[in-house]
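Residue numbers (this note's numbering), protein chains in the order written: chain A, 3 to 158; chain B, 163 to 504.
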């Protein structure tokens, strides 16, 4: 599954450079995140900052037996709000997988959410086939409550 | 509009036999809604999102696309969106050391998932024409080439910001990064092709306000006024307006040096024309002129589509972790480089 950034792809698709600058977003991701510090995180959501210019998802991971809280950068919440998705849509405690790059300031536990998914690989805010809302284990009608187990690579 | 419809129905009911000969209410032609002072009603929430790019893509010569070509472009956009939204491999490793090769804003580290984006799905349609580019003049659909002066200015800007000094102070950072203005243009109102391409227009007899959802940019157009003195440079320039028949014409000058559209200078001059086309559309036309930047003026058209929604808050500065991350990242790199030199 492609995890390449969506910005570059959309630029190519539409054939645009609107402002004439090399940067066309709230900020240059390359200025904030370290290409030499790739990271894969897996843990439970402990807090959602549903704010502009970027949503920040706080997840608790475990390293060497000790809990760590990482902040992961997403996009604007306005787009999701218009689709009826709020910060309550995904329950605190939902386990997610994130791959991205750590901030250039390595003293911070922050990274970009290059790809944020549930543990079975589904995108976090894309919903389920049933209700249109992500399965977070809170709805008993979803069958067993827990999200389905991860599938093997290439299973989708 | 709703009141006018009600009045129309009441009239039809009261004239009895004559009403039976009139066309059904659904066939009633659209009537321009007007403000109490008789001006066309531009007020409301509108979207300028479209997949039609500012400049015509390579390989397309005509401004007007066939119905089939437009449908093909729209299908391709939706297919790509669906592909990007497919699940990932849950056993995926961390991305590659040294960067993932992405370019543009995602600069070698990737951006974020596609589901955050809302770039539009439809080709721009103006007066029934499906458009291949927003630019209609020059006829080739491209921004005119830059003047030698503009090229020299761009080179000087690039040189000035080439060193590490660009991270030495928050005010050296771009306006969008500081949450002062949108990363998309505020004048002219060209879409940013990512998200929040929504705007609200509010009218009074003396002023028109254009609020962009993106970084809550509110531009105030003073009707019947003259431009402020040249040394006054508001962030979005100085906009004055007048009505030419049923078209609102807005003239904007006095841009600050930190603002630019396609490399423009402080001499940027933008003329915008807002014309209500039907119940759900404003036809927006813009002309960009800057003789110190472009070898010719250029003109584009964008349909604004009515949204049955409100503008959402975009409190940018309050949650702007990115700016502090960028500056502290530069300090962190300096420390690392310093320790290596020792």
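We put the beta carbon where it would ideally sit given N, CA and C, even for glycine.
CB of residue i within 8 Å of CB of residue j, strictly
{"i": "residue 47/A", "j": "residue 91/A", "result": "no"}
{"i": "residue 570/B", "j": "residue 99/A", "result": "Residue 570/B is absent from the model: chain B starts at 163 and stops at 504."}
{"i": "residue 271/B", "j": "residue 76/A", "result": "no"}
{"i": "residue 415/B", "j": "residue 431/B", "result": "yes"}
{"i": "residue 305/B", "j": "residue 434/B", "result": "no"}
{"i": "residue 488/B", "j": "residue 329/B", "result": "yes"}
{"i": "residue 168/A", "j": "residue 70/A", "result": "The requested residue 168/A does not occur in the structure, where chain A is confined to residues 3 to 158."}
{"i": "residue 383/B", "j": "residue 364/B", "result": "no"}
{"i": "residue 465/B", "j": "residue 445/B", "result": "yes"}
{"i": "residue 483/B", "j": "residue 58/A", "result": "yes"}
{"i": "residue 38/A", "j": "residue 79/A", "result": "no"}
{"i": "residue 352/B", "j": "residue 457/B", "result": "no"}
{"i": "residue 296/B", "j": "residue 214/B", "result": "yes"}
{"i": "residue 63/A", "j": "residue 82/A", "result": "no"}
{"i": "residue 312/B", "j": "residue 455/B", "result": "yes"}
{"i": "residue 377/B", "j": "residue 474/B", "result": "no"}
{"i": "residue 89/A", "j": "residue 50/A", "result": "yes"}
{"i": "residue 405/B", "j": "residue 190/B", "result": "no"}
{"i": "residue 385/B", "j": "residue 368/B", "result": "yes"}
{"i": "residue 485/B", "j": "residue 332/B", "result": "yes"}
{"i": "residue 303/B", "j": "residue 361/B", "result": "no"}
{"i": "residue 491/B", "j": "residue 30/A", "result": "no"}
Within chain A, the residues that residue i reaches when beta carbons sit closer than 8 Å
{"i": "residue 287/B", "result": "Those within 8 Å of residue 287/B in chain A number zero; the least Cβ separation is about 17 Å."}
{"i": "residue 382/B", "result": "Simply none; closest approach about 22 Å."}
{"i": "residue 450/B", "result": "None at all; the shortest Cβ gap to chain A is about 12 Å."}
{"i": "residue 312/B", "result": "Within chain A, no residue comes near residue 312/B; the closest Cβ sits about 10 Å away, beyond 8 Å."}
{"i": "residue 375/B", "result": "80"}
{"i": "residue 477/B", "result": "53 and 54"}
{"i": "residue 471/B", "result": "84"}
{"i": "residue 300/B", "result": "Correct list: empty, because the minimum Cβ distance to chain A is about 17 Å."}
{"i": "residue 474/B", "result": "80, 83 and 84"}
Residue i classed as buried or exposed, judged by whether at least 16 other C-beta atoms fall within 10 angstroms
{"i": "residue 131/A", "result": "Confidence is the limiting factor: at residue 131/A the pLDDT is only 35, short of 50, which leaves the residue's position unreliable, though a coordinate-based value still follows. Exposed."}
{"i": "residue 24/A", "result": "Here the model assigns residue 24/A a pLDDT of 30, short of 50, so the residue's position is not dependable and the matter cannot be decided."}
{"i": "residue 400/B", "result": "buried"}
{"i": "residue 125/B", "result": "Here chain B comprises residues numbered 163 to 504, so residue 125/B is not present and cannot be evaluated."}
{"i": "residue 137/A", "result": "Caution applies to residue 137/A, whose pLDDT of 38 falls short of 50 and renders its modelled position unreliable; the value that the coordinates give is listed next. Per the 10 Å Cβ criterion, buried."}
{"i": "residue 172/B", "result": "For residue 172/B, the predicted structure reports a pLDDT of 37, less than 50, and the residue's modelled location is therefore unreliable. A value from the coordinates is still provided. Flag for residue 172/B reads exposed."}
{"i": "residue 258/B", "result": "exposed"}
{"i": "residue 133/A", "result": "Only weak support is given to the placement of residue 133/A: the predicted model assigns it a pLDDT of 34, under 50, and the value that follows is read from those uncertain coordinates. Its Cβ having fewer than 16 others within 10 Å, residue 133/A is exposed."}
{"i": "residue 116/A", "result": "buried"}
{"i": "residue 498/B", "result": "exposed"}
{"i": "residue 102/A", "result": "buried"}
{"i": "residue 334/B", "result": "exposed"}
{"i": "residue 374/B", "result": "buried"}
{"i": "residue 41/A", "result": "buried"}
{"i": "residue 104/A", "result": "buried"}
{"i": "residue 366/B", "result": "exposed"}
{"i": "residue 244/B", "result": "exposed"}
{"i": "residue 198/B", "result": "exposed"}
{"i": "residue 26/A", "result": "Caution applies to residue 26/A, whose pLDDT of 44 falls short of 50 and renders its modelled position unreliable; the value that the coordinates give is listed next. Looking at its Cβ environment, which holds 16 or more other Cβ atoms inside 10 Å, residue 26/A is buried."}
Cβ distance (whole Å) where residue i is taken to contact residue j below 8 Å
{"i": "residue 72/A", "j": "residue 61/A", "result": "6 Å"}
{"i": "residue 447/B", "j": "residue 463/B", "result": "5 Å"}
{"i": "residue 290/B", "j": "residue 468/B", "result": "That belief does not hold up - the Cβ atoms of residue 290/B and residue 468/B are roughly 17 Å apart, past 8 Å."}
{"i": "residue 292/B", "j": "residue 227/B", "result": "4 Å"}
{"i": "residue 282/B", "j": "residue 211/B", "result": "3 Å"}
{"i": "residue 443/B", "j": "residue 461/B", "result": "Actually they do not touch by this definition, with Cβ atoms about 19 Å apart."}
{"i": "residue 429/B", "j": "residue 413/B", "result": "Actually they are not in contact, since the Cβ atoms of residue 429/B and residue 413/B sit about 14 Å apart, beyond 8 Å."}
{"i": "residue 249/B", "j": "residue 124/A", "result": "5 Å"}
{"i": "residue 285/B", "j": "residue 232/B", "result": "4 Å"}
{"i": "residue 397/B", "j": "residue 418/B", "result": "6 Å"}
Beta-carbon neighbours of residue i, restricted to chain B and to distances below 9 Å
{"i": "residue 50/A", "result": "Within chain B, no residue comes near residue 50/A; the closest Cβ sits about 12 Å away, beyond 9 Å."}
Contacts that residue i makes with chain B (C-beta to C-beta distance below 8 Å)
{"i": "residue 122/A", "result": "249 and 252"}
Partner residues on chain A for residue i, Cβ-Cβ distance less than 9 Å
{"i": "residue 141/B", "result": "With chain B covering only 163 through 504, there is no way to say anything about residue 141/B."}
{"i": "residue 255/B", "result": "40, 42 and 101"}
{"i": "residue 103/B", "result": "Not covered by the structure: residue 103/B. The range shown for chain B is 163 to 504."}
Residue i: contacting residues in chain A (beta-carbon distance under 7 Å)
{"i": "residue 446/B", "result": "Going along chain A, no residue has its Cβ under 7 Å from residue 446/B, so there is no contact; the nearest lies around 15 Å."}
{"i": "residue 482/B", "result": "55"}
{"i": "residue 495/B", "result": "106"}
{"i": "residue 350/B", "result": "In chain order: nothing, as chain A lies at least about 10 Å away."}
{"i": "residue 258/B", "result": "40"}
Amino acids of chain B, ordered along the chain, whose beta-carbon sits closer than 7 Å to that of residue i
{"i": "residue 32/A", "result": "269, 270 and 271"}
{"i": "residue 125/A", "result": "247, 249, 275 and 277"}
Checklist entry - In chain order, what residues of the region 102-120 of chain A put their CB closer than 9 Å to some CB of chain B? => result 102, 103, 105, 106, 107, 108, 109, 110, 112, 114, 115, 116, 117, 118, 119 and 120
Next on the checklist: Can you pull out the residues from the region 267-297 of chain B whose beta carbon lies closer than 7 Å to at least one beta carbon of chain A?
Outcome noted: 267, 268, 269, 270, 271, 272, 273, 274, 275, 276, 277, 278, 279, 280 and 281
Next on the checklist: Give me the subset of the region 48-78 of chain A whose CB atoms are less than 8 Å from a CB atom of chain B, sorted by chain position.
Outcome noted: Across the region 48-78 of chain A, CB contacts with chain B closer than 8 Å involve 51, 53, 54, 55, 56, 57, 58, 73, 75, 76, 77 and 78, in sequence order along the chain.
Next on the checklist: Taking beta-carbon pairs under 9 Å, can you tell me which members of the region 355-370 of chain B lie near chain A?
Outcome noted: 355, 356, 357, 358 and 360
Checklist entry - According to a CB-to-CB cut-off of less than 8 Å, which residues of the region 419-443 of chain B neighbour chain A? => result 422, 423, 424 and 425
Checklist entry - Using a beta-carbon distance cut-off of less than 8 Å, what residues from the region 206-232 of chain B approach chain A? => result Only 213, 215, 216, 217, 219 and 220 from the region 206-232 of chain B bring a Cβ to less than 8 Å from some Cβ of chain A.
Next on the checklist: Under 8 Å, CB to CB, which of the residues in the region 405-420 of chain B have a partner in chain A?
Outcome noted: If the cut-off is 8 Å between Cβ atoms, the region 405-420 of chain B has nothing near chain A.
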